[in-house]
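A.B. asks: I'd like to ask some things about the structure below.
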Amino acid sequence: MRIRFSKMHGLGNDFMVIDGVTQDITLTREQVRAWGDRHFGVGFDQLLLVQPPESPDVAFRYRIYNADGDEVEQCGNGARCFAAFVRRQGLTANSVIPVQTSGGRLELTVLADGQVRVNMGVPRLALDEVPFRASAPGQAGRQTVALAGGRTVTLTPVSMGNPHGVLLVDEPPSDELLADLGPQLEQHEAFPARANIGFLQVLDASSGRLRVYERGVGETLACGSGACAALVAARLHGVMGATVTLHLNGGDIGLSWAGAGEPVYMTGPATFVYDGEINQEA
Ligand SMILES: N[C@@H](CCC[C@H](N)C(=O)O)C(=O)O
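Per the numbering used here, residue 267 is the first one in the sequence shown, and the count goes up by one each step.
Quick look at the structure:
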């Protein structure tokens, strides 16, 4: 069987997007890994599978798979691409699209300029909701994690539906820093479900530079949920205002968060690259 898909990206975070509304799709972990391979497959950070809704309060369900084949709860850049995809496919003409992910319900608004604004939901900070296992009592938003060789780092655990650990750094996050701390923290026992690890340099109250080492992928050019988690962490530390622009290696993303109990809003582009077809067995 041939499967139709689109290749898309949100600020360089790239996706294989499959219409599972008009096609009958069953995916295996091996299938996702094979298609995700950048040499032998299509190559992507995440695969997005669009499905019919399971409840009447949403228009679609969309599932997210990391390149390592694991299904995950949330993907901010993917949410924007999902919205652009369902409109391009003619699956909806609406510009406000409620959708269910395993991380919760999202609401997406396609703006006049084609950018997509996403209500990413209310961040969860309770450690058991991230989930994060503290080895020592920490202050709100600041947890110490012990690394090999007796080193420690301080980070902020945040759930945006998926788990994040955010480190505030003084210098532009370097390749060496990402290579050293990214893999260690992504797999650290403090994060029993593993985590996406963000490195945020605050430039001023309304801007910062962010790099994210993603769970199940490695560093990506942009991470939407990671950008939301970074704003939440920065605000908990009192170093950023409510509305910010974060500079990612793939481009800039706009974010706002009014504070505890409020949802985070993210605005950015969704870019179509090409349509393709692939054998189910490939
Ligand atoms: N790139 C994404 C996040 C994708 C999922 C993440 N790697 C996880 O495992 O939680 C985004 O834009 O949010």
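For glycine and all other residues, C-beta sits at the position ideal for the given N, C-alpha and C.
Kindly say whether Leu-514, judged by its beta-carbon, lies nearer than 7 Å to any beta-carbon of chain D.
C.D. replies: Given the protein chain composition of this structure (a single chain), no chain D is represented.
A.B. asks: Assuming the contact rule is C-beta atoms closer than 8 Å, Gly-516 and Gly-278 should be a hit. Round their C-beta distance to whole Å, please.
C.D. replies: That belief holds up - the Cβ atoms of Gly-516 and Gly-278 are roughly 3 Å apart, short of 8 Å.
A.B. asks: Return the CA-CA distance between Ala-349 and Asp-518, expressed in angstroms with no decimal places.
C.D. replies: Rounded to whole angstroms, Ala-349 to Asp-518 spans 19 Å at the Cα level.
A.B. asks: Can you check the stretch 396 to 441 for any beta strand (DSSP E) of at least 3 residues that lies completely inside it and give the ranges in chain order?
C.D. replies: The stretch 396 to 441 contains these whole beta strand (DSSP E) runs: 409 to 412, 418 to 425 and 429 to 434.
A.B. asks: Just to confirm, does Ser-491 get its C-beta within under 6 Å of one of the non-hydrogen atoms of ligand 1?
C.D. replies: Result yes, Cβ under 6 Å from ligand 1.
A.B. asks: Using the Cα positions of Thr-375 and Ser-522, report the straight-line distance between them to the nearest angstrom.
C.D. replies: Their backbone Cα atoms lie some 15 Å apart in a straight line.
A.B. asks: Going by Cα to Cα distance, which pick from Ala-300, Arg-501 and Asp-323 is closest to Leu-433?
C.D. replies: Checking every option, the nearest Cα to that of Leu-433 belongs to Arg-501.
A.B. asks: Who are Asn-462's beta bridge partners in DSSP?
C.D. replies: In the DSSP output, where bridge partners are listed per residue, Asn-462 has His-430.
A.B. asks: Can you give me the C-alpha to C-alpha distance between His-454 and Leu-315, rounded to a whole angstrom?
C.D. replies: Their backbone Cα atoms lie some 29 Å apart in a straight line.
A.B. asks: Nearest by alpha-carbon distance to Gly-286: which of Gly-448, Gly-520, Tyr-328 and Asp-280 is it?
C.D. replies: Checked all of Gly-448, Gly-520, Tyr-328 and Asp-280; the closest Cα to Gly-286 is Tyr-328.
A.B. asks: Only counting the same chain, and skipping five residues up and downstream in sequence, which positions put a Cβ closer than 7 Å to that of Leu-413?
C.D. replies: Val-419 and Gln-450, listed in sequence order.
A.B. asks: For Cys-347, verify whether its CB is less than 6 Å away from any heavy atom of ligand 1.
C.D. replies: For ligand 1, not one heavy atom lies less than 6 Å from the Cβ of Cys-347.
A.B. asks: If the criterion is Cβ atoms closer than 7 Å, does the pair Val-384 and Met-282 meet it?
C.D. replies: Taking 7 Å as the Cβ cut-off, Val-384 and Met-282 do not qualify as a contacting pair.
A.B. asks: Run through DSSP, which three-state label would Arg-299 get?
C.D. replies: The answer is helix: DSSP assigns Arg-299 an H, G or I state.
A.B. asks: Could you compute how far the alpha carbon of Val-435 sits from the alpha carbon of Ser-321?
C.D. replies: Straight-line Cα distance between these residues: approximately 42 Å.
A.B. asks: Do the CB positions of Gly-335 and Arg-295 come within less than 7 Å of each other?
C.D. replies: In contact: Gly-335 and Arg-295 (Cβ atoms closer than 7 Å).
A.B. asks: Does the beta-carbon distance from Gly-427 to Gly-370 come in below 7 Å?
C.D. replies: In this structure, Gly-370 lies closer than 7 Å to Gly-427 by Cβ.
A.B. asks: Say whether the stretch 503 to 511 touches the stretch 347 to 364, bearing in mind that this needs 3 or more beta-carbon pairs closer than 8 Å, one atom from each stretch.
C.D. replies: Too few Cβ pairs lie closer than 8 Å, so no.
A.B. asks: Under 7 Å between the Cβ atoms of Thr-410 and Ala-499?
C.D. replies: Result no, Cβ atoms of Thr-410 and Ala-499 do not sit closer than 7 Å.
A.B. asks: Is Glu-337 a contact residue of ligand 1, with contact defined as CB to any heavy atom under 6 Å?
C.D. replies: Outside the cutoff, so no.
A.B. asks: Since Ala-488 contacts Asn-343 with CB under 8 Å, what's their CB separation in whole angstroms?
C.D. replies: With a Cβ gap of about 6 Å, Ala-488 and Asn-343 count as contacting.
A.B. asks: Is the separation between the beta-carbon of Ala-459 and that of Pro-397 shorter than 7 Å?
C.D. replies: Yes. Within cutoff.
A.B. asks: Pull up the CB-CB distance for Ala-456 and Leu-476, whole angstroms please, since I reckon it's below 8 Å.
C.D. replies: The Cβ separation is near 21 Å, so there is no contact.
A.B. asks: Would you say the beta carbon of Gly-278 is closer than 6 Å to some non-hydrogen atom of ligand 2?
C.D. replies: No copy of ligand 2 appears in this structure; the ligands present are ligand 1.
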